[in-house]
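Engineer: Here it is: the structure, laid out below.
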Amino acid sequence: MKISRKKFLALTGLAGSSLVFPGNSILAGEVNRAGKGDVKKASITYKKIKLELGHTWTISRGSTDYKEDVFVFYEKDGITGIGEAAHMTGAGQNADRTISELKKIIPVYVDSDPFEFYELPDRVNAEIKNISPAKAALNIALFDWLGKKLNIPVHRFFGLDPNKFVYTSFSIG
1 MKISRKKFLA LTGLAGSSLV FPGNSILAGE VNRAGKGDVK KASITYKKIK LELGHTWTIS
61 RGSTDYKEDV FVFYEKDGIT GIGEAAHMTG AGQNADRTIS ELKKIIPVYV DSDPFEFYEL
121 PDRVNAEIKN ISPAKAALNI ALFDWLGKKL NIPVHRFFGL DPNKFVYTSF SIG
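Under the UniProt record's numbering, the very last position in the sequence shown is 173; numbers go up by exactly one each time.
The structure is reproduced here in structure tokens:
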């Protein structure tokens with residue numbers, strides 16, 4: 001089945017990710033927020049998805065007709081934040097490695113207050129020191145959740161102007 005990433009995300013947002021992709025799950029118990037009150041359980045699930053490309057991707061290292069990415073779903077208080085782990089295969093990254101790394105760091109996220117996200121990097125880097133699509137996907141899912149929880153776009157959460165952007169580069173295959 002061929003589906004664009006944009007359409008996939010739109011469909012999962014409408015259908016509810018937990019119904020579409022039950023995937024693997026690690027549930028958090030009650031979180032003690034040091035006198036801030038009890039927090040409802042959070043869950044983080046992930047799903048490896050094979051994305052069929054519309055055109056064959058060819059660069060100097062080879063060609064492919066698909067890409068395996070890992071989607072991460074941070075769910076709490078009836079709200080689901082979605083993140084995606086894309087991989088640089090030239091750096092030895094792949095979906096299975098990402099899932100292995102997710103298993104190591106998911107407990108850090110489920111045991112944390114999502115509004116204290118600024119404390120997560122030090123704790124996560126103690127588990128995985130290198131660049132990691134797993135870390136990126138969890139952060140994206142968490143920030144998506146925070147934006148939805150506060151009912152604001154993520155760019156506003158960070159005080160960014162959507163009309164200003166950072167130039168990036170990408171490969172054209």
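For every residue, glycine included, the Cβ atom is placed at its ideal position computed from N, Cα and C.
In terms of DSSP beta bridges, what is Ser63 paired with?
Structural biologist: DSSP, once it has assigned bridges, lists Thr58 as partnering Ser63.
Engineer: CB Ala86 to CB Lys48, shorter than 8 Å?
Structural biologist: no
Engineer: Taking DSSP's pairing of strands, which residues face Glu68 in a bridge?
Structural biologist: Lys50
Engineer: Return yes when the Cβ of Pro121 is within less than 8 Å of the Cβ of Thr98, no when it is not.
Structural biologist: no
Engineer: If you run the structure through DSSP and keep just helix, strand and coil, what is Thr80?
Structural biologist: strand
Engineer: Go through its chain and collect everything with a Cβ distance to Leu102's Cβ below 6 Å, but skip five positions before and after it.
Structural biologist: Tyr46, Ala134
Engineer: Nearest chain D C-beta to Ala137 closer than 8 Å, yes or no?
Structural biologist: Structure shown: chain D not included; a single protein chain is present.
Engineer: Closer than 7 Å by C-beta to Gln93: which residues in its own chain qualify, once you throw out the five before and the five after it? Chain order, please.
Structural biologist: His87, Pro133
Engineer: Look at the alpha carbon of Asp69 and the alpha carbon of Gly54, and state the distance between them as a whole number of angstroms.
Structural biologist: 16 Å
Engineer: Could you give the DSSP three-state label for Ala85: helix, strand or coil?
Structural biologist: strand
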